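Read the structure below first, then the notes.
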Amino acid sequence: MKNRYWLLLVVIALLASCTDKFEEYNTDTKNPSEVQGEWLFSNAEKTLSDQISSTNVNNNVWKLWAQYWTETTYTDEANYDIVNRTIADWTFYYYYTGAVSNDGVLSDLQRAKELITAQTPSSDAGKTVQKNKLYIIDLLQAYSYERLVDIFGSVPYSEALDINNIHPKYDDGMSIYQDLIKRVDADIAGLDDSGDSFGSADLYYGGDVASWKKFANTLKVKLGITLADVDPSLAQSTVESAYQNAFTSSDDDCLMPYLTNTPNTNTLYEDLVLSGRHDFVPANTIVDIMNNLNDPRLPLYFSENGDSYVGGTYGESSPFDNYSHVSDKLLDPTFPGFILTYTELQFYLAEAAARGYNVGKTAEDYYNEGVKSSIIWWGGTAAEASAYLDKPSVNYTSAVSSTGSWKEVIGTQSWLASYTRGLIGYTTWRRLDYPIFNLAPTIDSYDQIPVRFTFPINEQTLNKDNYEAAASAIGGDLLTTKIFWDKY
56 MKNRYWLLLV VIALLASCTD KFEEYNTDTK NPSEVQGEWL FSNAEKTLSD
106 QISSTNVNNN VWKLWAQYWT ETTYTDEANY DIVNRTIADW TFYYYYTGAV
156 SNDGVLSDLQ RAKELITAQT PSSDAGKTVQ KNKLYIIDLL QAYSYERLVD
206 IFGSVPYSEA LDINNIHPKY DDGMSIYQDL IKRVDADIAG LDDSGDSFGS
256 ADLYYGGDVA SWKKFANTLK VKLGITLADV DPSLAQSTVE SAYQNAFTSS
306 DDDCLMPYLT NTPNTNTLYE DLVLSGRHDF VPANTIVDIM NNLNDPRLPL
356 YFSENGDSYV GGTYGESSPF DNYSHVSDKL LDPTFPGFIL TYTELQFYLA
406 EAAARGYNVG KTAEDYYNEG VKSSIIWWGG TAAEASAYLD KPSVNYTSAV
456 SSTGSWKEVI GTQSWLASYT RGLIGYTTWR RLDYPIFNLA PTIDSYDQIP
506 VRFTFPINEQ TLNKDNYEAA ASAIGGDLLT TKIFWDKY
């Protein structure tokens, strides 16, 4: 399996980094050739995972904004400066149009969809494969748009990806979410797990259609629960109609299987090891919470500084040698990229049960399974998980009784379990308001902590009219303007 992925990733790397000479010698000006749609799909999968995994502050600051990490020397990003490095612009590039040697995730998927739609399979089996490929592509597009909405709020959607329209309008986030749920429903109905799909060109699931069906239902749960505070009826019906066919164990996790050699390693390895830089240490926010809980994941997430775990003060210069570091697990070039996981699902369902949805089990059942699956995935044991869940400060019943808030209990443990998955942890904090974050030095009050990215700077000039309309519609293009689902 790994050899198969290695060969495919080598091809992707070659496609992305061909020299001018290669293009000159190999371009037939009379008969231009197209990259196959299947390769574009593979490239989109890798680009998406690379962007999610990366800790390069030019394009991903979520591990900082989720207060999992803080910076050692240059602290702009931990203090919420996304203008200096035009981080919002880079985010748009990675998802829409492409940046540097990579094509945009959505544009690659769109072109793959067009090329595969144009194929003319002659057999019924071939037609099933073609349809399955198109549904899977659509699922990754839905996943990508959901992330964009969760980052910016309103984004180009209905007019996006049209190369003839360089001034797309912005659709409001709620409308996008509603349409994404419809798209995912259509994908679930259309996927035929008696047939094949991408085979080895699918880096996540190896073309297994049944796995993609579970992915689709899990994504649907995620979309639904995110709407819980703004459209309770739609949220409940969406979650209840999907949860039974979603992930059933961590074996179902959607992961990117990175390899030992560049350019096919996890981008964390590139950023933290190959770069030779020491730009980050764990933040005191997460380290202090885990110390207080005597969390068994401490040695799995971090290394000790001396004989204890010490996090750098969030947003302040935190010399590398004075604090704990990330664990060796994260420095492994083959550490997988997380797309969507069983553990994440368990906390969504715990929240759903706490809200009174009919999801088959209690909030405590799902909460316990989320904590347990997280500990075991990271290398802990079932015994450690059980002992941890017996602690009064962790046990669901006693913790809710003590705090008076299921949001605090579920939110804190969901955030802890989402470590390294910055946007997921940051979104948990925005939706459930827990755990309590620390104030960066540039922040005077809690309500000044950013809750979204401002729109890209280029959009303010290159797509001015639509930018201004979008900014006005959400109440101002500010870091503190809440995304539509962030009601409280």
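Sequential numbering of the sequence shown, starting at 56, is according to the working numbering. Here a beta-carbon is modelled for each residue, glycine too, at the ideal position from N, C-alpha and C. Please read these numbers as outputs of a predicted model, since none were measured by experiment.
Counted within 10 angstroms of its Cβ, other Cβ atoms place residue i as buried (16 or more) or exposed
| i | result |
| --- | --- |
| Y225 | buried |
| P496 | exposed |
| A173 | exposed |
| V138 | exposed |
| G159 | buried |
| N349 | exposed |
| T315 | exposed |
| L533 | exposed |
| D376 | exposed |
| T516 | exposed |
| P287 | exposed |
| L494 | exposed |
| D83 | Since pLDDT at D83 reaches only 42, below the 50 mark, its modelled position is unreliable, and the value read off the structure follows with that caveat. Burial call: exposed. |
| K237 | exposed |
| I221 | exposed |
| G411 | exposed |
| T29 | Outside the displayed range of the chain (56 to 543) lies residue 29, so it cannot be described from this structure. |
| Q299 | exposed |
| N114 | buried |
| N187 | buried |
| V336 | buried |
| L103 | buried |
| G480 | buried |
| K277 | buried |
| N347 | exposed |
Separation of residue j from residue i, as counted between CA atoms
| i | j | result |
| --- | --- | --- |
| K537 | T110 | 24 Å |
| N423 | Y451 | 8 Å |
| W61 | Y260 | Residue placement at W61 is flagged as unreliable, the pLDDT there being 46, under the threshold of 50; the coordinate-derived value follows with that caveat. Computed Cα separation, rounded: 15 Å. |
| P505 | S292 | 31 Å |
| L203 | S448 | 35 Å |
| R623 | D326 | There is no way to answer for residue 623, as the model of the chain reaches only from 56 to 543. |
| D541 | F508 | 14 Å |
| N413 | A407 | 8 Å |
| L395 | R485 | 19 Å |
| W470 | P490 | 7 Å |
| E371 | V381 | 18 Å |
| K182 | L189 | 11 Å |
| Y123 | T340 | 7 Å |
| S456 | Q91 | 57 Å |
| Q399 | A167 | Correcting the residue type first, residue 399 is Glu in the shown sequence and not Gln. Whole-angstrom Cα-Cα distance: 29 Å. |
| S97 | D362 | 44 Å |
| G208 | I529 | 8 Å |
| M229 | F539 | 7 Å |
| E126 | Y324 | 17 Å |
| N133 | L119 | The question names Asn, but residue 133 in the sequence shown is Ala. One C-alpha to the other measures close to 6 Å. |
| A526 | I142 | 18 Å |
| A524 | I512 | 15 Å |
Endpoints, the alpha helix (DSSP H) within which residue i is located
| i | result |
| --- | --- |
| E126 | E126 -> not in any alpha helix (DSSP H); beta strand (DSSP E) instead, spanning W124 to E126. |
| P312 | Taken as a continuous stretch (DSSP letters only), P312 belongs to no alpha helix (DSSP H), as it is neither H nor E. |
| P287 | P287 to E295 |
| K101 | G92 to S108 |
| D433 | The sequence shown places Trp at residue 433, not Asp. Premise fails: W433 is in no alpha helix (DSSP H) and is neither H nor E. |
| W267 | V264 to T281 |
| N521 | K519 to A528 |
| S162 | V160 to T172 |
| G477 | G477 to L487 |
| L386 | Per DSSP, L386 belongs to no alpha helix (DSSP H) and is neither H nor E. |
| L119 | W117 to W120 |
N- and C-terminal bounds of the beta strand (DSSP E) containing residue i
| i | result |
| --- | --- |
| G392 | G392 to L395 |
| F147 | Where F147 is concerned, there is no enclosing beta strand (DSSP E), although the alpha helix (DSSP H) it sits in stretches over I142 to F147. |
One or two residues paired with residue i in a DSSP bridge
| i | result |
| --- | --- |
| S363 | N360 |
| P211 | Y225 |
| V381 | F357 |
beta-carbon residue i near the ligand MG non-hydrogen atom, thresh 7 Å
| i | result |
| --- | --- |
| I243 | Summarising the ligand content, the structure contains no ligands, and the ligand MG is consequently not present. |
Neighbour flag for residue i against chain C, beta carbons, 8 Å
| i | result |
| --- | --- |
| A526 | Protein chains in the displayed structure number just one, and chain C is not present. |
Which full runs of the alpha helix (DSSP H) of 4+ residues lie inside the segment 441-474, going along the chain? The segment 441-474 contains these whole alpha helix (DSSP H) runs: 451-458 and 461-472.
For the segment 305-355, list the beta strand (DSSP E) runs that are entirely contained and at least 3 residues long, ordered along the chain. Whole beta strand (DSSP E) segments, 3+ residues: 309-311 and 335-337.
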